[in-house]
Structure formats: structure tokens, C-alpha cells
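Student:
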Amino acid sequence: MIRHTVSACAMLALAAVPAQAQEADRCPAPVSANPAPPPRQPADAVYPTDFATGEGVLVAVIDTGVAAHPELTEVVPIADLVTPDTPNPHFDCDGHGTVVAGVIDSVAPHARIGSVRQTSSYVRKDENSLTSGSIASLAEAINKALDHHARVINISVVACLPASQASQVDKSALVDALARAERENAVVVAASGNATQDCTQDSVVLPTQEPTALSVSALGADPYTLASYALPVRGDKTALAAPGRIPFALSPRGDGWARGMSQGQGQVNPFEGTSFAAPVVSGTAALLIQRHPQASAREIRELIVASAQPPLGVVDPLAAVTQAPRHQEQARTVELAVPASPESSGVRTGQLIIAALALLSAASVLISAYVQAPRTRRRGSTSPSRRRTNWPRPRAQVWQS
Numbered sequence: 016m017i018r019h020t021v022s023a024c025a026m027l028a029l030a031a032v033p034a035q036a037q038e039a040d041r042c043p044a045p046v047s048a049n050p051a052p053p054p055r056q057p058a059d060a061v062y063p064t065d066f067a068t069g070e071g072v073l074v075a076v077i078d079t080g081v082a083a084h085p086e087l088t089e090v091v092p093i094a095d096l097v098t099p100d101t102p103n104p105h106f107d108c109d110g111h112g113t114v115v116a117g118v119i120d121s122v123a124p125h126a127r128i129g130s131v132r133q134t135s136s137y138v139r140k141d142e143n144s145l146t147s148g149s150i151a152s153l154a155e156a157i158n159k160a161l162d163h164h165a166r167v168i169n170i171s172v173v174a175c176l177p178a179s180q181a182s183q184v185d186k187s188a189l190v191d192a193l194a195r196a197e198r199e200n201a202v203v204v205a206a207s208g209n210a211t212q213d214c215t216q217d218s219v220v221l222p223t224q225e226p227t228a229l230s231v232s233a234l235g236a237d238p239y240t241l242a243s244y245a246l247p248v249r250g251d252k253t254a255l256a257a258p259g260r261i262p263f264a265l266s267p268r269g270d271g272w273a274r275g276m277s278q279g280q281g282q283v284n285p286f287e288g289t290s291f292a293a294p295v296v297s298g299t300a301a302l303l304i305q306r307h308p309q310a311s312a313r314e315i316r317e318l319i320v321a322s323a324q325p326p327l328g329v330v331d332p333l334a335a336v337t338q339a340p341r342h343q344e345q346a347r348t349v350e351l352a353v354p355a356s357p358e359s360s361g362v363r364t365g366q367l368i369i370a371a372l373a374l375l376s377a378a379s380v381l382i383s384a385y386v387q388a389p390r391t392r393r394r395g396s397t398s399p400s401r402r403r404t405n406w407p408r409p410r411a412q413v414w415q416s
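Once you know that position 301 of the sequence shown is 316 in the working numbering, the rest is easy, because the numbers rise by one and skip nothing.
(1) What residue range does the beta strand (DSSP E) around residue 91 cover?
(2) For residue 52, tell me which candidate among 263, 167 and 170 has the shortest Cα-Cα distance.
(3) Can you tell me whether residue 158 is helix, strand or coil according to DSSP?
(4) Near residue 380, which residues of its chain fall below 7 Å by C-beta distance, leaving aside the five closest residues on each side in sequence?
(5) Residue 78 to residue 173, Cα distance in whole Å?
(6) Would you give the residue range spanned by the beta strand (DSSP E) that residue 78 belongs to?
(7) With distances taken from CA atoms, which of 132, 60 and 59 is nearest residue 91?
(8) Flag this pair as yes or no: are the beta carbons of residue 200 and residue 249 separated by less than 9 Å?
(9) So what does DSSP say about residue 293, is it helix, strand or coil?
(10) Between which residues of its own chain and residue 189 is the CB-CB distance below 7 Å, once the five residues before and five after are set aside?
(11) From residue 198 to residue 283, what distance separates their C-alpha atoms?
(12) Which term fits residue 224, buried or exposed, when burial requires 16 or more other beta carbons within 10 angstroms of its beta carbon?
(13) Pair every Cβ in the segment 295 to 310 with every Cβ in the segment 325 to 335, then say whether three or more of these pairs are closer than 8 Å.
(14) Is the CB-CB distance between residue 110 and residue 84 below 9 Å?
(15) How would you label residue 218, buried or exposed, when you count the other beta carbons within 10 angstroms and need 16 or more for buried?
(16) According to the Cβ coordinates, are residue 125 and residue 208 closer than 9 Å?
(17) Measuring alpha carbon to alpha carbon, tell me which of 234, 277 and 213 ends up nearest residue 437.
(18) What's the C-alpha gap between residue 176 and residue 214?
(19) Flag this pair as yes or no: are the beta carbons of residue 76 and residue 115 separated by less than 9 Å?
(20) Kindly indicate which residue of 184, 238 and 244 has the alpha-carbon position closest to the one of residue 212.
(21) Taking only runs of the alpha helix (DSSP H) that begin and end inside the segment 245 to 311, which ones reach a length of at least 4 residues, in chain order?
(22) Compute the minimum distance between the beta carbon of residue 250 and the heavy atoms of the ligand SAH, and state whether it is under 8 Å.
(23) Can you tell me whether residue 133 is helix, strand or coil according to DSSP?
(24) May I have the straight-line CA-CA distance separating residue 96 from residue 81, to the nearest angstrom?
(25) Nearest CA to the CA of residue 163: which residue from 42, 49, 334 and 94?
(26) Could you name the residues that DSSP lists as bridge partners for residue 47?
(27) Taking a contact to mean a Cβ-Cβ separation below 9 Å, would you say residue 276 touches residue 45 in this structure?
(28) Report yes if the C-beta distance between residue 291 and residue 274 is below 9 Å; otherwise report no.
(29) Report the residue from 230, 251 and 256 whose alpha carbon sits nearest the alpha carbon of residue 242.
(30) On the DSSP letters alone, give me the boundaries of the alpha helix (DSSP H) that residue 187 sits inside.
(31) Output the distance between the C-alpha atoms of residue 196 and residue 278, rounded to the nearest integer angstrom.
(32) So the candidates are 179, 326 and 280; which of them puts its Cα closest to the Cα of residue 237?
(33) Give the straight-line distance between the Cα atoms of residue 320 and residue 336, rounded to the nearest whole angstrom.
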């Protein structure tokens, strides 16, 4: 079972926090992939980073923490809601948030990553409590990210609620936090969730089902089918999808690469799930915000949706960042007067023809006079130069679909 997308059906009660030393004893070990094979780099290929890199954009990762990995440009320690008494947003026991951040970095390598440690599967209040985090703390995490002026908020740790209980859950704080994000032009991206025994097809997944959150599902073996575990986007929301399998990821221990997390007895839990599809879209949003810094959150969402490939809404960062402007001039229409009666239509038409011929004759005289006149130019005047745009030369590949 894929466990590296934390669907968090248990996000209904906040667990008490043990010391981090005790917590570290339970942390799974990353399975090394050093050295990670370099991506293929065709010399004549064009990459999203030829047009934008996410420079100056803060992407908040609300997750299990993000290690200060040397491959990441910057990791801003925004908040630790798991161990607030001894905060360390860079501590990623679960090995989840760091992988998410690495995917964002692969799409937008100059974006700043903000870590909001909001949950962990290895923090226990007692033997019956395996997770921490709640809908209320998720709302708090969003507000913490906005306090630091995040323009993109990635939420790959979602709440999965049974349909019969969803209406009984108070989500007002979450709704308010998402409304604030919309006012402050922050794009919220959320994983659609993974199907498990506790999170079924008819479950209500938060915040992915809220109207202002971009919901992202995961692709299967090809770009034409969803992964068998991926919950689809429901309701009237536009479907979006991206690859969910990460063969080589940043190690959550802060250096090197990993191909999964150890589950004991030689078993490796790979990095796969809708959790790792969502950050592809978050990175794409960072690219678009750099190119269109004055755009609203709604306009950035529209650009992403418009460039997504049907029928699954597959998001390609290159297609998104290179799409043509959508501004179109409205064609002007000229209303023609309708003759008052059939009897007068012939006279009216004749008058219009005579007037048109007179105008053409006058125009011909003026043009002839202009052509025959001596051409003079004021000294120092120059003809307007033509604008020329040179795209940057292709650089190293940082994202592969």
C-alpha cells in the first residue's frame, strides 16, 4: 500500500508532542540512491527554466517538515505545529515533505521553499494515536504561510472524511484561511488523495474539494490514465493531473538522494502518490507568478487550467509558461442604416455610391500630391527600430514529465 501520500483520515484530533529525540527513534530510514543518475539532456531541447525559474516566489510546503537539503535554493523555517515547544520545521521524520519540496524545486529551481511542519505519522500521544494534525491546524498552517507572504501553498497532506460525517465537521477555520489566501493572491494546490481502506471513492477530501484549491490527481503508467490509487477530481472542479511516481528524490536526512523509505525486512516504500503530483502544479504556479507578478490567484489558476492537456488535465510546466496571451481584441462592428422603405432604397444607395466615389477621388489627389512632393526629414530624426525578442538559450533540464 502506498503510504507516502498522507491522506490523513485521522486529522480530526491533535496529538500531544513527545521530545524530538524520542520521535527520531521511530523515523524510517531513507533508502539511498547515491549517486542518482543524471536526467537526459538533449542539446536542442527547450525547458520551462528557459522562460522562468520561480525567482522571488515563496512556495509554502504544509507537510511533515522540509530538510535544509543542499539541492534546495532556500528553505524558510515558517512554523512547526507538531513540536511547537521545540520547533524545528527542518526536521522531516516521515520523509514526505522533503520529497514534495524536491519536486517543486525540479520545476521552479529558484523558488524559495517555506516549511510548515503540520503533521507526522510518527508523533504519538499514546499507542492508539498515530498521527498529529487537524483541520484546525491545517487552517493555522495556511495562515502561517500567508503571514510570510507565500504566493503558492502546497498541501499534499489532506483530510479524508467519510461522506456521512463530512457535514458534521467544523471547517469554518479552513474556509476562512482559504478565503484569506484568495484575497492575498496565494495559489493553493492540494493533492486529490489516495484511495485506501479508510479513504474510499465517496469520501470528502479537504482542502482539495474547496472551490479555490487546485486539485491534482496522479497519472498512472502513461499520460492517458490515472493511477489506480488516485482519487479523481469531483464535482464541477476542473480535473488536473501530473506524474505521481518519483524514482529518485531528495533524501529527508538532508543530503544525497533516496529511492524510497525503508519499511524493514528489506522492503522499500517508494515515493509514489498524489502527494508528489501536486507539487508539479505548485512549481508551475511559481513559474507563472514570476512571469506575471501582478496576476491574481484566480488568473494563475486559469492559466494552469487553460494549458492542461485533456481529458485528464495533464499539467506540463513548459506548456503553461509558454502559452500565448489570452487577451483578444473585440472585433468592432458597424451598424448600417436600414432604408425607410423599398421605394427610397435605390435613391439612398445611389447617394452613398456618389459620396464614396467623391471621397476616393479626393484621396487620390492627396496621395498623388504627397508622392510628387520633395521628401524632407528633420536632422537627427531616425526611423523607429524593430523590437526583437531573443529567448534564452536552453540550459540543463530540471523537469521531466
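Cβ coordinates follow ideal geometry from the N, Cα and C atoms, glycine included. As the structure is a prediction and not an experimental result, all values here were calculated from the model.
Tutor: On the basis of the coordinates in this document:
(1) 90 to 95
(2) 263
(3) helix
(4) Because the pLDDT at residue 380 is just 43, under 50, the model does not fix this residue reliably, and the point stays unresolved.
(5) 9 Å
(6) 73 to 78
(7) 132
(8) no
(9) helix
(10) 150, 153, 154, 221 and 222
(11) 43 Å
(12) buried
(13) yes
(14) no
(15) buried
(16) no
(17) What the structure shows of the chain is the stretch from 16 to 416, and residue 437 is not part of that stretch, so it cannot be assessed.
(18) 7 Å
(19) yes
(20) 244
(21) 293 to 306
(22) Ligands in the displayed structure: none, and consequently the ligand SAH is not present.
(23) coil
(24) 13 Å
(25) 94
(26) 273
(27) yes
(28) no
(29) 256
(30) 187 to 198
(31) 37 Å
(32) 326
(33) 12 Å
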